[in-house]
Amino acid sequence: MDVQLRASDDDRNQVVAELHRHTTAGRLTLDEFSDRVGSVWTARTFGDLAALTRDLPALPGPADDASAGGDPAGHGRRELLVLFAVAALTLLLLGGFLAITR
(Lines of atoms letter the chains of each structure in order from A; the text may use other names.)
(Lines give C-alpha, C1' and ligand atoms only; values in the text may rest on other atoms or scores of the structure.)
Protein backbone atom coordinates (compact mmCIF):
# COMPACT_ATOMS: atom_id res chain seq x y z
CA MET A 1 0.00 0.00 0.00
CA ASP A 2 1.26 3.45 -0.84
CA VAL A 3 2.13 5.24 2.41
CA GLN A 4 1.36 8.61 0.80
CA LEU A 5 -2.33 7.78 0.23
CA ARG A 6 -4.77 9.67 2.42
CA ALA A 7 -6.37 7.69 5.22
CA SER A 8 -10.11 7.57 5.85
CA ASP A 9 -11.98 7.66 9.15
CA ASP A 10 -12.55 3.90 8.82
CA ASP A 11 -8.78 3.42 8.53
CA ARG A 12 -8.27 5.52 11.66
CA ASN A 13 -10.95 3.55 13.53
CA GLN A 14 -9.15 0.30 12.65
CA VAL A 15 -5.87 1.65 14.05
CA VAL A 16 -7.61 2.78 17.25
CA ALA A 17 -9.10 -0.72 17.62
CA GLU A 18 -5.65 -2.25 17.10
CA LEU A 19 -4.12 0.08 19.69
CA HIS A 20 -6.91 -0.86 22.12
CA ARG A 21 -6.15 -4.55 21.64
CA HIS A 22 -2.45 -3.92 22.30
CA THR A 23 -3.35 -1.95 25.44
CA THR A 24 -5.53 -4.78 26.77
CA ALA A 25 -2.66 -7.18 26.02
CA GLY A 26 -0.40 -5.02 28.20
CA ARG A 27 1.88 -3.71 25.47
CA LEU A 28 0.83 -0.08 25.91
CA THR A 29 0.10 1.92 29.04
CA LEU A 30 -3.06 4.00 29.18
CA ASP A 31 -0.98 7.15 28.70
CA GLU A 32 0.71 5.70 25.61
CA PHE A 33 -2.67 4.60 24.28
CA SER A 34 -4.12 8.06 24.82
CA ASP A 35 -1.17 9.76 23.13
CA ARG A 36 -1.28 7.45 20.13
CA VAL A 37 -5.05 7.75 19.71
CA GLY A 38 -4.68 11.53 19.68
CA SER A 39 -2.11 11.15 16.93
CA VAL A 40 -4.38 8.77 14.99
CA TRP A 41 -7.01 11.48 14.59
CA THR A 42 -4.45 13.97 13.26
CA ALA A 43 -2.86 11.45 10.88
CA ARG A 44 -3.42 12.21 7.22
CA THR A 45 -1.78 9.32 5.37
CA PHE A 46 -1.34 5.58 5.72
CA GLY A 47 2.31 6.27 6.49
CA ASP A 48 1.30 8.45 9.44
CA LEU A 49 -0.94 5.66 10.75
CA ALA A 50 1.70 2.96 10.20
CA ALA A 51 4.21 4.95 12.27
CA LEU A 52 1.88 4.69 15.28
CA THR A 53 1.92 0.88 15.29
CA ARG A 54 5.39 0.22 13.84
CA ASP A 55 6.87 -0.91 17.19
CA LEU A 56 3.97 -3.29 17.95
CA PRO A 57 3.70 -6.92 16.80
CA ALA A 58 1.09 -7.92 14.25
CA LEU A 59 -2.21 -9.08 15.72
CA PRO A 60 -4.38 -11.83 14.26
CA GLY A 61 -7.35 -10.50 12.34
CA PRO A 62 -10.93 -10.75 13.61
CA ALA A 63 -11.54 -13.86 11.46
CA ASP A 64 -8.45 -15.50 13.00
CA ASP A 65 -9.69 -14.70 16.52
CA ALA A 66 -13.08 -16.31 15.93
CA SER A 67 -11.59 -19.46 14.36
CA ALA A 68 -9.08 -19.80 17.20
CA GLY A 69 -11.77 -19.49 19.85
CA GLY A 70 -10.72 -15.93 20.61
CA ASP A 71 -14.24 -14.56 20.86
CA PRO A 72 -14.18 -13.19 24.41
CA ALA A 73 -17.82 -12.08 24.34
CA GLY A 74 -19.03 -15.51 23.20
CA HIS A 75 -16.78 -17.23 25.72
CA GLY A 76 -18.16 -15.07 28.53
CA ARG A 77 -21.73 -15.91 27.50
CA ARG A 78 -20.94 -19.62 27.54
CA GLU A 79 -19.44 -19.34 31.02
CA LEU A 80 -22.49 -17.45 32.24
CA LEU A 81 -24.82 -20.06 30.72
CA VAL A 82 -22.90 -22.89 32.40
CA LEU A 83 -22.96 -21.03 35.72
CA PHE A 84 -26.73 -20.50 35.39
CA ALA A 85 -27.27 -24.18 34.55
CA VAL A 86 -25.24 -25.30 37.57
CA ALA A 87 -27.16 -22.92 39.85
CA ALA A 88 -30.51 -24.14 38.50
CA LEU A 89 -29.51 -27.77 38.93
CA THR A 90 -28.34 -27.07 42.49
CA LEU A 91 -31.67 -25.43 43.34
CA LEU A 92 -33.60 -28.37 41.88
CA LEU A 93 -31.54 -30.90 43.83
CA LEU A 94 -31.87 -28.88 47.04
CA GLY A 95 -35.64 -28.56 46.52
CA GLY A 96 -35.95 -32.28 45.89
CA PHE A 97 -33.89 -33.07 48.97
CA LEU A 98 -36.04 -30.78 51.15
CA ALA A 99 -39.27 -32.30 49.73
CA ILE A 100 -38.08 -35.82 50.51
CA THR A 101 -36.89 -35.09 54.04
CA ARG A 102 -40.06 -33.33 55.21
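Numbering follows full-length UniProt numbering, with no gaps: position 18 of the sequence shown is 18.
Glycine included, C-beta positions come from ideal geometry on N, C-alpha and C.
Within 8 Å, strictly: CB atoms of residue i and residue j
i	j	result
residue 27	residue 56	yes
residue 40	residue 21	no
Residue i - DSSP class collapsed to helix/strand/coil
i	result
residue 97	helix
residue 14	helix
residue 90	helix
residue 45	strand
CA nearest to the CA of residue i, picked from the options
i	options	result
residue 35	44, 23, 78, 4	23
residue 19	53, 99, 96	53
residue 25	44, 94, 101, 59	59
residue 44	90, 77, 9	9
Whole-Å CB distance - residue i paired with residue j, under 8 Å assumed
i	j	result
residue 33	residue 7	So it is not a contact: roughly 19 Å between Cβ atoms.
residue 37	residue 16	6 Å
Straight-line gap, residue i to residue j (C-alpha atoms, nearest Å)
i	j	result
residue 98	residue 85	20 Å
residue 1	residue 30	30 Å
residue 83	residue 93	15 Å
residue 95	residue 87	12 Å
Short CB-CB distance (under 8 Å) between residue i and chain D
i	result
residue 80	Looking for chain D here will not work: only one protein chain is present.
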